[in-house]
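Q: Here the sequence shown stands for residues 3 to 223, numbered as in the numbering used here.
All residues carry an ideal CB built from backbone N, CA and C; glycine is no exception.
All figures in this text were calculated on a predicted structure; none of them were measured in a lab.
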Amino acid sequence: MDDLEKLQEFEKTRGKLRLPLDIKPCITDLLNGHNPASKQGLNPFIIACELHRVGKNQQQIKSLLTKVNVKPSKLRSALKSALTGRYGYACPGLEEKGLCLFKSRFDCWWFDKIPRESQKEWREDDFWRYHWPDKLGSARSMLYLAIRQVEKLKGYQAGSRLYVSWDQLQRVSGVNRQTIKPGLEALEKIGLITYKPGQKRVKGSKGLATEVVRIIPIPKP
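1) What residues match up with Glu213 in a beta bridge as DSSP calls it?
2) If we ignore side chains and look at the alpha-carbon of each, how far apart do Glu119 and Leu6 end up?
3) If you compare alpha carbons, which of Pro219, Tyr158, Ile195, Ile220 is closest to Thr212?
4) Name the residue from Trp130, Lys64, Gly139 whose alpha carbon lies nearest to the alpha carbon of Ile220.
5) What would DSSP say about Pro159, mapped onto helix, strand or coil?
6) Terminal residues of the continuous alpha helix (DSSP H) containing Glu187?
7) Among the candidates Leu53, Lys69, Lys64, whose CA atom is the shortest distance from the CA of Lys26?
8) Buried or exposed: Gly185, going by 16 or more other Cβ atoms within 10 Å of its Cβ?
9) Count Cβ pairs between the segment 100-116 and the segment 73-86 that sit closer than 8 Å; are there 3 or more?
10) Beta-carbon separation of Phe47 and Ser83 under 9 Å?
11) Measure the C-alpha to C-alpha separation of Ile217 and Leu81 and round it to an integer number of angstroms.
12) So is Ser65 buried or exposed if we call it buried at 16+ other beta carbons inside 10 Å?
13) The alpha helix (DSSP H) that contains Glu52, what's its start and end?
14) With burial defined as no fewer than 16 other Cβ atoms inside 10 Å of the residue's Cβ, what is the status of Leu55: buried or exposed?
15) With three or more C-beta pairs closer than 8 Å as the rule, is the segment 140-151 touching the segment 165-178?
16) Cα separation between Phe104 and Gln180?
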């Protein structure tokens, strides 16, 4: 599963369960049940601690844990411990437990958004730090991240001029083809990209490919 697929899965789970944007992506993996902590019996406790961290109250945490079929006995125990505020899970602890979705926590967009002096002047993960996914919605976010993925596939630097077909954008982003044009227009209007339709013929394209350039540094809303 590549980074874009991980984000798609994260947004799908987050939207379904109405989780806040700043919840750790590895917690969504806990909610899906595919992790070592599930076997260790830590699943509901880790989730409860994270939900408490992002501001959920007791009833909201109880409701969410009930939705993911946590047994009442484990639910009561997890709530009682988590709501004391004495416990919390973060990196590198979550990584050491085998919960990280990436090869390393340093590849994780959530971990990367934590300010550190050693970071370069601009960061890819400003996209999340500025809460762009919440403002754009799922389809436009996936389209923007697909442009970034095409840069990586071609070996280009961030913000390079791309000539990309709608077929490729649809294949990489997974969005409906009919949403590509209005999505690109919206991203340009917002100031995240520049966009010129039908500029150049490229290999594998049925028509003229679209010119797309991401604005770097990623602007604030």
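A: Walking through what the data contain:
1) As a working note, residue 213 is residue 211 in the sequence shown. Partner(s): Tyr165, Lys198.
2) Working through the sequence shown from its first residue, we reach residue 119 at position 117. Working through the sequence shown from its first residue, we reach residue 6 at position 4. Summary for Glu119: the model assigns pLDDT 39, below 50, so the residue's position carries little reliability, and this model does not support an answer.
3) Counting from 1 along the sequence shown, the entry for residue 212 is found at position 210. Comparing Cα-Cα distances from Thr212 to each of Pro219, Tyr158, Ile195, Ile220, the minimum goes to Ile195.
4) Taking the first residue of the sequence shown as position 1, residue 220 is located at position 218. Nearest of Trp130, Lys64, Gly139 to Ile220, Cα basis: Trp130.
5) Indexing the sequence shown from 1 puts residue 159 at position 157. Per the sequence presented here, residue 159 reads as Gln, with Pro not at that position. Coil at Gln159, not helix or strand.
6) Walking along the sequence shown from the start, residue 187 turns up at place 185. Where Glu187 is concerned, the enclosing alpha helix (DSSP H) stretches over 182-192.
7) Within the sequence shown, numbered from 1, the residue matching residue 26 stands at position 24. Minimum Cα distance to Lys26 is reached at Leu53.
8) By one-based count along the sequence shown, residue 185 stands at place 183. It is buried - the Cβ of Gly185 has at least 16 other Cβ atoms within 10 Å.
9) Judged by pairs of C-beta atoms under 8 Å, the segment 100-116 does not touch the segment 73-86, as fewer than three such pairs exist.
10) Locating residue 47 in the sequence shown gives position 45, counting from the first residue. Locating residue 83 in the sequence shown gives position 81, counting from the first residue. Contact flag set, yes.
11) Looking up residue 217 in the sequence shown gives position 215. Looking up residue 81 in the sequence shown gives position 79. For Ile217 and Leu81, the distance between alpha carbons rounds to 44 Å.
12) Taking the first residue of the sequence shown as position 1, residue 65 is located at position 63. Flag for Ser65 reads exposed.
13) Position 50 of the sequence shown, counting from 1, holds the residue named residue 52. Start and end: 45-55.
14) Here residue 55 refers to the residue found at position 53 of the sequence shown. Looking at the sequence provided, one finds Arg at residue 55 rather than Leu. Using a 10 angstroms sphere on the CB of Arg55, the tally of other CB atoms reaches 16 or more, which defines it as buried.
15) A contact between stretches requires three or more CB pairs, one per stretch, nearer than 8 Å, and the segment 165-178 meets this requirement with the segment 140-151.
16) Sequence index remark: in the sequence shown, residue 104 carries index 102 (1-based). Sequence index remark: in the sequence shown, residue 180 carries index 178 (1-based). Cα-Cα distance, rounded: 32 Å.
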